[in-house]
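Chemist:
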Amino acid sequence: MAELPVTEERLIELYGPHLNRVPPGGWDAGLEIDRVVDTHCCFCGQQCGIRLKVSEEKVVGFEPRYDFPFNEGKLCPKGVKRYLQGNHPDRLLEPLERDPGSPEGFRPVSWDHALDRTASEIRRIQGAYGADSFAVLSGVSITNEKSYLMGKFARLAVGTANLDYNGRLCMVSAGAAGKKALGIDRAANPWSDIPLAEVVFVAGANIAECAPITTSYIWRARDNGARLIVMDPRVTPVARTAHLFLGVRPGTDLAVLSAMLNVLISRDWLDHDFIAAHTNGFEEAAAAVAAATPAWAAQVAGVPAARIEEAAELWGTSATGMLLHARGLEHHTKGVDNVLAAINLGLATGKYGKPGCGVNTITGQGNGQGGREHGHKCDQLPGNRDITNPEHREYIASVWGCDESEIPGKGLTAQEIMNAIHAGEIRGLLSICFNPLVSLPDSNFTRQALAKLEFYATIDFFLSETGAYADIVLPGSLHEEDEGTVTTLEGRVVKINAAVSPPGSARLDWDIVCDLARRLGRGHYFDYASTQEMFEELRVASKGGTADYAGITWQRVIDEQGVFWPCPEEGHPGTRRLFEDGRFYHPDGKARFVPTPWRESSEVPDGEYPTYLTTGRVISQYLSGTQTRRIGALVDQYPEPLCEIHPRLADRLGVTSGDLVRIISRRGSMTAPAKVVESIRPDTVFIPYHWPGDKSANLLTKRAIDPISGIPEFKVAAVRVEKVPGHGDVRDDRDLTIQAGERP
Amino acid sequence: MTTLIDPATAVFAIDQSRCIGCGACVQACAECDTHRGVSLIQLDTVDRATDTQTVPTVCMHCEDPTCAEVCPADAIKQNEDGVVQSSLKPRCIGCSNCVYACPFGIPKYISSFDQMMKCDMCYDRTSEGLKPMCASVCPSEALWYGTAEQFEMTRRGSLVRDWKFGNQDVRTKVAMVADEFGPVEVFIGRRRRHWMDDPFALEEMPA
Chain A
137 MAELPVTEER
147 LIELYGPHLN
157 RVPPGGWDAG
167 LEIDRVVDTH
177 CCFCGQQCGI
187 RLKVSEEKVV
197 GFEPRYDFPF
207 NEGKLCPKGV
217 KRYLQGNHPD
227 RLLEPLERDP
237 GSPEGFRPVS
247 WDHALDRTAS
257 EIRRIQGAYG
267 ADSFAVLSGV
277 SITNEKSYLM
287 GKFARLAVGT
297 ANLDYNGRLC
307 MVSAGAAGKK
317 ALGIDRAANP
327 WSDIPLAEVV
337 FVAGANIAEC
347 APITTSYIWR
357 ARDNGARLIV
367 MDPRVTPVAR
377 TAHLFLGVRP
387 GTDLAVLSAM
397 LNVLISRDWL
407 DHDFIAAHTN
417 GFEEAAAAVA
427 AATPAWAAQV
437 AGVPAARIEE
447 AAELWGTSAT
457 GMLLHARGLE
467 HHTKGVDNVL
477 AAINLGLATG
487 KYGKPGCGVN
497 TITGQGNGQG
507 GREHGHKCDQ
517 LPGNRDITNP
527 EHREYIASVW
537 GCDESEIPGK
547 GLTAQEIMNA
557 IHAGEIRGLL
567 SICFNPLVSL
577 PDSNFTRQAL
587 AKLEFYATID
597 FFLSETGAYA
607 DIVLPGSLHE
617 EDEGTVTTLE
627 GRVVKINAAV
637 SPPGSARLDW
647 DIVCDLARRL
657 GRGHYFDYAS
667 TQEMFEELRV
677 ASKGGTADYA
687 GITWQRVIDE
697 QGVFWPCPEE
707 GHPGTRRLFE
717 DGRFYHPDGK
727 ARFVPTPWRE
737 SSEVPDGEYP
747 TYLTTGRVIS
757 QYLSGTQTRR
767 IGALVDQYPE
777 PLCEIHPRLA
787 DRLGVTSGDL
797 VRIISRRGSM
807 TAPAKVVESI
817 RPDTVFIPYH
827 WPGDKSANLL
837 TKRAIDPISG
847 IPEFKVAAVR
857 VEKVPGHGDV
867 RDDRDLTIQA
877 GERP
Chain V
50 MTTLIDPATA
60 VFAIDQSRCI
70 GCGACVQACA
80 ECDTHRGVSL
90 IQLDTVDRAT
100 DTQTVPTVCM
110 HCEDPTCAEV
120 CPADAIKQNE
130 DGVVQSSLKP
140 RCIGCSNCVY
150 ACPFGIPKYI
160 SSFDQMMKCD
170 MCYDRTSEGL
180 KPMCASVCPS
190 EALWYGTAEQ
200 FEMTRRGSLV
210 RDWKFGNQDV
220 RTKVAMVADE
230 FGPVEVFIGR
240 RRRHWMDDPF
250 ALEEMPA
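Residue numbers (my numbering), protein chains in the order written: chain A, 137 to 880; chain V, 50 to 256.
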């Protein structure tokens, strides 16, 4: 409520981020390992298997988990150092209440007080302004069970339509496109299909830094003779050895993809039998790209026509092919259209339902796949059901034992919720697993909005930058402190195991949520004694939906190293590769070509703001950095955001590597050291977004969202870059030669 | 379950064309029980201004290790599996002869341990049939450890183990992956593509 209770500097002093550099007891503690727990990494959607070493009820290290088939022991630096988020000095250990009069800004309170006050504020605000004036924001770094629980909690305990989640910032464009074109929102393939492809087309995905383990699958394809095409405004590490590189202007992928379809049609590199038997709408899609010639696309995208033709030839004449895309296609106001255009390339050449064939999103967040299936999206009920569909509502009401009318309708998406908070239409907020002050675009706007909330409660394990605005802070559980299931980017449901228990008086997230439901007088809907009980209910709730988990038992998830959905009944083997029978998930069994006419991004460079800004991630940090900015070794690897600039632009600005530059957009400005590299387009600068405050790239980005998916346009903004006095410490983020004698 | 690998015949291969510079090897090396908190692997950026090429370097484990030959205290031993170990603590006098003599630039004098430390191919792991930590975690398999049969079945490229430094011939246990014998472009591992000279086609389409 209102401004921060104490200064930002004081908050950082008290609540961090501080850097945890050493395991419990120090490097030389020589602890006996009491047990080693098989689980998964808490970070990205690949959900690599990992083993956590536990000593004296603390996680003290890791061991590779060679037997998990996806990663066979492989980990990125975040996975290696993830154990240092436990036993952390910043860990929230007791409930807190905002207290501007206290030098700490917050005072410790009892659980009873914290939860009773939260419940009474929810009801007070709803009583004064209406049921939907209290919003719930959730996230997809949490398990399937907690995702399911948050959806049910918002609908039945709080009784608000305004529930959404941070997956809205992640891969919703891919999800919406998959549902539109294929009738299902899941990667079409297990990753073991990648090495079987003759051509691998990576479109808008910095695999080396954002899905590092996927690199090994691509290199296996290369070893098998596959040609690799990479489309990106930056020559990413995986692009370095590509057969073909399409260095697009930010926001113009659609032009290239459309021109590729144009070439496939004009050269007749089409699978006519597949199109006739398994698809609808080809003629309309073809008409939409009739004018999208390579020459036209070359002008729009800044990629030579010959390269676009070569890409189309590689894709169109290869018997097998895998297209992998990520936020580079999805974070746009035309994110859904970008993905649809990619899917059209797959459909036109019959690259579905066969080994080594498919168009797949590389889901970003830890439970980016499962978290978008079980009903904590504003438009969704469990099993990827539609909250506006009467039959779907009736079914879920029957599972929940409530009347259909008790389930609110469709609510606002995450960015729209923040807009409504800013507009005073939403007055109260409960959040879990979401740090919008860092992760939403236009952070000055988000900051203003948070200050307008009458009441804000957050469930978290560290006090995030957003959490600092809370009235009540409820200390929840870290990934390694609870069990549950998550669904990986392959659609594989896997088991997370608890290594330790929450410290201090912190509680399991789901236990907090169920307790709060009881205090809201709705406890009878939330009578769970274990995570497994929620999973069993989720199975029933998902039954008959597209994301059908009915046949996936708790024991099978453990015994089989994960089960791929859809898995409609017990005994069903699960579905590793979709569409093998040629049937898509629309009622007629056919896939749909969707026309994707060209349109511009919401904001493009002009005389005043002449340069493109695109944002993304670095390998050593994860999303808003709530966890990874607290781990010393990861911060050392890339301590602060650098602004990547091509030498041509740098020369024009008189800038060399390390000089400070000010990057200015219509929303705000920030200063960062320049990193002058030839690996980025000269008309574009890149800044990673993991940092808060004056280091936040989202000071610059625009609150423009895709009209279908609601995803913000993080990948395109217009900026002006200026040289300012000063010099930053640009240690190359990849130059990790050790310093002899140094030991953290 | 993972199959155990005999360290005497294991292949340790470095393939720079696969390296993505993620640093997992560096971070994981520092987790090793024998030198916790200190990483003994090098990850170098060749020239970030022009390229994303990075190069991981572990100890190459020479058949006739120069480091051991120049050690005045006889502190550097090679075991029966051909693994050249860190200096023996009671013998090492910290003179750094090995640091200067190694043709690959591997040994480091670590003041906090007051001895020379270097990669010993995670002998605590490899002696039990496990992979070394760096080759366990490497997301891109740029650092790879396994049997010769596994390499033959799953990987391409030739294994280079013979090096020439001036007049010194060196044969190593660790191999570099190259396309073929003879002069190789180790940094890209494959023939150059037409786009590489001008990734953004600035000559033909001014940005």
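For glycine and all other residues, C-beta sits at the position ideal for the given N, C-alpha and C.
By DSSP's criteria, A/Leu517 is part of a beta bridge. Which residues make up the other side?
Modeler: Taking the first residue of the first sequence as position 1, residue 517 of chain A is located at position 381. Per DSSP, A/Arg521.
Chemist: Applying the 10 Å Cβ sphere with the 16-neighbour rule, what's the burial state of A/Val860?
Modeler: Position 724 of the first sequence, counted from the first residue, corresponds to residue 860 of chain A. The residue in question, A/Val860, is exposed, as its Cβ has fewer than 16 Cβ neighbours within 10 Å.
Chemist: Look up A/Gly152 in the DSSP assignment and say whether it is helix, strand or coil.
Modeler: To locate residue 152 of chain A, count along the first sequence from 1; it is residue 16. Coil, per DSSP.
Chemist: Got a sec: is the Cβ-Cβ distance from V/Met170 to anything in chain A below 9 Å?
Modeler: Along the second sequence, read from residue 1 onward, the residue named residue 170 of chain V stands at position 121. So, not an interface residue.
Chemist: For A/Arg358, collect the residues of the same chain with a Cβ closer than 7 Å to its Cβ; drop the 5 residues on either side in sequence, then sort them by chain order.
Modeler: Stepping through the first sequence from its first residue, residue 358 of chain A is reached at position 222. Once the five neighbours on either side are set aside, the close Cβ partners of A/Arg358 are Leu364.
Chemist: Assign A/Pro639 to buried or exposed, taking buried as 16 or more other Cβ atoms, counted over all protein chains shown, within 10 Å of its Cβ.
Modeler: In the first sequence, the residue the question calls residue 639 of chain A occupies position 503. With 16 or more Cβ atoms within 10 Å of its Cβ, A/Pro639 is classed as buried.
Chemist: Since I believe V/Ile63 is in contact with V/Val34 (beta carbons under 8 Å), could you give me their beta-carbon distance rounded to a whole number of angstroms?
Modeler: Residue numbering for chain V in the displayed model covers 50 to 256; residue 34 of chain V lies beyond these limits and cannot be assessed.
Chemist: Compute the beta-carbon to beta-carbon distance between A/Asn156 and A/Leu229, rounded to the nearest angstrom, for a pair I have assumed lies under 8 Å.
Modeler: As a position in the first sequence, residue 156 of chain A is number 20, starting the count at 1. As a position in the first sequence, residue 229 of chain A is number 93, starting the count at 1. Going by Cβ atoms, the distance from A/Asn156 to A/Leu229 rounds to 15 Å, so no, they are not a contact pair.
Chemist: Taking A/Arg712 as the reference, give the member of A/Trp701, A/Glu233, A/Asp404 with the closest Cα.
Modeler: The sequence position of residue 712 of chain A within the first sequence is 576, counting from 1. Checking every option, the nearest Cα to that of A/Arg712 belongs to A/Trp701.
Chemist: Determine, using beta carbons only, whether A/Ala635 and A/Arg146 come nearer to each other than 9 Å.
Modeler: For the purposes of this step, residue 635 of chain A is taken as residue 499 along the first sequence, with counting starting at 1. For the purposes of this step, residue 146 of chain A is taken as residue 10 along the first sequence, with counting starting at 1. Not closer than 9 Å, so no.
Chemist: Please confirm if the segment 317-331 of chain A is in contact with the segment 490-498 of chain A, defined as three or more CB-CB distances below 8 Å between the two stretches.
Modeler: Flag = yes, the segment 317-331 of chain A and the segment 490-498 of chain A touch.
Chemist: Per DSSP, A/Ser805 is paired with what?
Modeler: Walking along the first sequence from the start, residue 805 of chain A turns up at place 669. Bridge partners of A/Ser805: A/Ile800.
Chemist: At a cut of 8 Å, does the segment 661-680 of chain A reach the segment 297-316 of chain A through at least three beta carbon pairs?
Modeler: No contact exists between the segment 661-680 of chain A and the segment 297-316 of chain A.
Chemist: Hey, is V/Ala77's beta-carbon within less than 9 Å of any beta-carbon in chain A?
Modeler: By 1-based counting over the second sequence, the position of residue 77 of chain V is 28. Yes - at least one Cβ of chain A is within 9 Å of the one on V/Ala77.
Chemist: For A/Arg563, tell me which candidate among A/Thr175, A/Glu139, A/Ala267 has the shortest Cα-Cα distance.
Modeler: Along the first sequence, read from residue 1 onward, the residue named residue 563 of chain A stands at position 427. Nearest option by C-alpha distance: A/Ala267.
Chemist: Can you say whether V/Phe200 is buried or exposed, counting buried as having 16 or more other CB atoms within 10 angstroms of its CB?
Modeler: As a position in the second sequence, residue 200 of chain V is number 151, starting the count at 1. With 16 or more Cβ atoms within 10 Å of its Cβ, V/Phe200 is classed as buried.
Chemist: Taking its Cβ as the centre, do 16 or more other Cβ atoms sit within 10 Å of A/Ala426, making it buried, or is it exposed?
Modeler: Numbered from 1 along the first sequence, position 290 holds the residue referred to as residue 426 of chain A. By the neighbour-count rule (16 or more Cβ atoms within 10 Å), A/Ala426 is not buried but exposed.
Chemist: Output the residue ranges of the alpha helix (DSSP H) runs that lie fully inside the segment 551-626 of chain A and measure 4 residues or longer, sorted by chain position.
Modeler: DSSP runs (the alpha helix (DSSP H)) wholly in the segment 551-626 of chain A: 572-575, 579-588.
Chemist: Determine the chain A residues that contact V/Ile54 at a beta-carbon separation under 8 Å, and present them in chain order.
Modeler: Here residue 54 of chain V is taken as the residue at index 5 of the second sequence, counted from 1. What V/Ile54 touches in chain A: nothing, since even the nearest Cβ is about 11 Å away.
Chemist: Where do the ends of the beta strand (DSSP E) carrying A/Arg291 lie?
Modeler: In the first sequence, the residue the question calls residue 291 of chain A occupies position 155. Counting along the chain, A/Arg291 falls outside any beta strand (DSSP E), and DSSP gives it neither H nor E.
Chemist: Listed in chain order, which residues of the segment 100-133 of chain V have Cβ atoms closer than 8 Å to some Cβ of chain A?
Modeler: If the cut-off is 8 Å between Cβ atoms, the segment 100-133 of chain V has Asp100, Thr101, Gln102, Thr103 near chain A.
Chemist: By a C-beta neighbour count over all protein chains shown, 10 Å radius and 16 as the cutoff for buried, is A/Asn280 buried or exposed?
Modeler: Walking along the first sequence from the start, residue 280 of chain A turns up at place 144. Buried.
Chemist: So which residues of chain V does A/Arg376 contact, with C-beta pairs closer than 8 Å?
Modeler: On the first sequence, position 240 is the one that residue 376 of chain A refers to. Result: Asp100, Thr101, Gln102, Ile237.
Chemist: Does the CB of A/His379 have a neighbour CB from chain V at under 9 Å?
Modeler: Against the first sequence, residue 379 of chain A aligns to sequence position 243. Chain V, which has a Cβ nearer than 9 Å to the Cβ of A/His379, makes this yes.
Chemist: Is the shortest distance between the beta-carbon of A/Tyr202 and the beta-carbons of chain V less than 9 Å?
Modeler: For the purposes of this step, residue 202 of chain A is taken as residue 66 along the first sequence, with counting starting at 1. Judged by the 9 Å Cβ criterion, A/Tyr202 is in contact with chain V.
Chemist: Of all the residues that make up the segment 137-164 of chain A, which are near chain V by a beta-carbon distance shorter than 9 Å?
Modeler: From the segment 137-164 of chain A, only Arg157, Val158, Pro159, Gly162, Trp163, Asp164 have a Cβ closer than 9 Å to chain V.
Chemist: For a test of the three-state rule: what should DSSP assign to V/Lys167, helix, strand or coil?
Modeler: Counting from one through the second sequence, the residue named residue 167 of chain V turns up at place 118. If DSSP states are grouped into helix, strand and coil, V/Lys167 belongs with coil.
Chemist: In this structure, does DSSP put A/Gly507 in helix, strand or coil?
Modeler: Within the first sequence, the letter at position 371 stands for residue 507 of chain A. Helix, per DSSP.
Chemist: What whole-angstrom Cβ distance do A/Lys217 and A/Leu770 have, given they're in contact under 8 Å?
Modeler: Within the first sequence, numbered from 1, the residue matching residue 217 of chain A stands at position 81. Within the first sequence, numbered from 1, the residue matching residue 770 of chain A stands at position 634. Between A/Leu770 and A/Lys217 the Cβ distance is about 6 Å, and since that is below 8 Å, they are a contact.
Chemist: In chain order, what are the residue ranges of uninterrupted alpha helix (DSSP H) at least 4 long that sit wholly in the segment 121-153 of chain V?
Modeler: As far as the segment 121-153 of chain V is concerned, its whole alpha helix (DSSP H) runs of at least 4 residues are 146-150.
Chemist: Is it buried or exposed, A/Met367, if we count other Cβ atoms within 10 angstroms and call 16 or more buried?
Modeler: As a working mapping, residue 367 of chain A is identified with position 231 in the first sequence. Per the 10 Å Cβ criterion, buried.
Chemist: Contact between the segment 164-184 of chain A and the segment 782-795 of chain A: three or more CB pairs below 8 Å?
Modeler: Contact between the segment 164-184 of chain A and the segment 782-795 of chain A is absent, because fewer than three Cβ pairs lie under 8 Å.
Chemist: So A/Phe822 and A/Glu776 are supposed to be a Cβ contact under 8 Å. How far apart are they, rounded?
Modeler: Position 686 of the first sequence, counted from the first residue, corresponds to residue 822 of chain A. Position 640 of the first sequence, counted from the first residue, corresponds to residue 776 of chain A. In fact, because the Cβ distance is near 14 Å, the residues do not count as touching under 8 Å.
Chemist: Using a cut-off of 7 Å between C-beta atoms, extract the partners of A/Trp355 located in chain V.
Modeler: Along the first sequence, one-based indexing puts residue 355 of chain A at 219. Per Cβ cutoff of 7 Å: Arg67, Ser189, Glu190.
Chemist: Hey, quick one: how far does the alpha helix (DSSP H) through A/Asp883 stretch, first residue to last?
Modeler: Outside the displayed span of chain A (137 to 880) sits residue 883 of chain A, for which this structure offers no information.
Chemist: Could you confirm whether any beta carbon from chain A is found closer than 9 Å to the beta carbon of V/Pro152?
Modeler: Taking the first residue of the second sequence as 1, we reach residue 152 of chain V at position 103. No, V/Pro152 lies away from the interface with chain A (no Cβ there is under 9 Å from its Cβ).
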